[in-house]
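Residues 53 to 340 (the working numbering) make up the sequence shown, in order. Glycine residues also receive a C-beta, built at the ideal position from the N, C-alpha and C atoms. Read the structure below first, then the notes.
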Amino acid sequence: MDMKIRTLTYMFTIFITLLTIDVNAEGKGIEKTEKSEVSPIGIISALSVESAYLKSRMSDVEIKHIMGRDYYIGNLNGHHAIVAQVGIGVINAAVGTAILIYEFKPKAIIMTGVAGGTNKTDPGDIIIANQVTFYDLGSLDDKGNFKRMPSSTPSSEFSGSGVEHDPLFYKADKTLLDKAVKASKSAKFNILEYNNKKYNAKPVEGIITSTETFTEYPEKINAMIKETNCIAFDMECAGAAQVCYNQKIPFLTIKAISDDGDFDMFNALLEPSAKNAEILVYALISEQ
């Protein structure tokens, strides 16, 4: 009988001890094994200068170096965010985006930076892309003439991700798009200046076309405009959009027009144009 009483007393003591530990853990902030983590907002750019402003506004920053890329993890305007330079080109953008999704499980991804303009835009315009497309997806006929894919990839074999088809145009997430348009109405942008001419930043909604070619030739630009109805072109956003589409991650591109195919203008306006795009991204974050 004494043995049973001692056993029950011992078990009761253990139970009270465990209960006390759990109460102390909650009351004194002791870390418990199960933590609830808020999914971050992912922000990517091709060049370091295209995300420099956003990085400067972050606090509590931790940097993780993954496969040649630095991912800045921290607080941005009161939100958990990951900011990364993924590199120039559609492939680099796709790789950097895939790493971001796999490692950090973001709730959305925004691409920022600069883009080349067309006859539908002016330098300094902030393009909020309602769709993005990859111009170079197509085939050559027997005479060497390039033809774009008509509507989508033929089958899931082309995407390698189990989706039935990859569309030719990737639509922006409507919630992000609407919030960006709203934020653009009150955001304070910087005025650009080149060759003694000033350019006001004007938010414009439209299509951005990605190409793997540095482009300053009017013939190529005109062909992209004719076949895709784009108002701007870059070298990255369609790659990031395709990865987000396949992984069902909300995606949006915001890019500022740095030039009209003139590399001298690009070099002069790269930094201030990029900052204007980042200013809108920062304003958009506050809408979350």
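With DSSP run on the structure shown, which of helix, strand or coil describes Leu321? helix
Going along the chain, which residues of its own chain have a beta-carbon closer than 7 Å to the beta-carbon of Ile283, five neighbours each way excluded? Thr170, Lys172, Thr173, Ile179, Val256, Gly258, Ile259
Lys300 to Lys272 span [Cα, whole Å]: 32 Å
What's the C-alpha gap between Pro302 and Asp225? 5 Å
Have a look at Ser103, Val90, Val147 and flag the residue whose alpha-carbon is nearest the alpha-carbon of Ala409. The question about residue 409 has no answer, for the chain in this structure spans 53 to 340.
With distance defined between alpha-carbon atoms, name the residue in Ser100, Gly165, Tyr222 nearest to Ala293. Of the listed residues, the one whose Cα sits closest to Ala293 is Tyr222.
Note down the Cα distance separating Gln183 from Leu128, rounded to an integer number of angstroms. 26 Å
Can you check which of these residues, Met276, Ile134, Ile306, is closest to Pro92 by C-alpha distance? Measuring from the Cα of Pro92, the nearest candidate turns out to be Ile134.
Under the three-state DSSP convention, the category Ile95 falls into: Looking at Ile95 - three-state DSSP - the assignment turns out to be strand.
For the beta strand (DSSP E) containing Glu339, list its first residue and its last residue. In the DSSP annotation of this structure, Glu339 is not part of any beta strand (DSSP E), being labelled neither H nor E.
From the DSSP secondary-structure annotation, give me the bridge partner or partners of Pro158. Paired residues: none, contrary to the question.
DSSP on Asp218, reduced to helix/strand/coil? coil
Suppose you measure from the CA of Ser111 to the CA of Ala326; what does that come to, to the nearest Å? 21 Å
For Gly190, report the span of its beta strand (DSSP E) as first-last. Segment 190-192, the beta strand (DSSP E) holding Gly190.
Three-state class that DSSP yields for Glu330 in the structure shown: Glu330 carries a helical assignment under DSSP once its states are collapsed to helix, strand and coil.
Look at the Cβ atom of Ser310, then the Cβ atom of Pro175, and state whether they are nearer than 8 Å. yes
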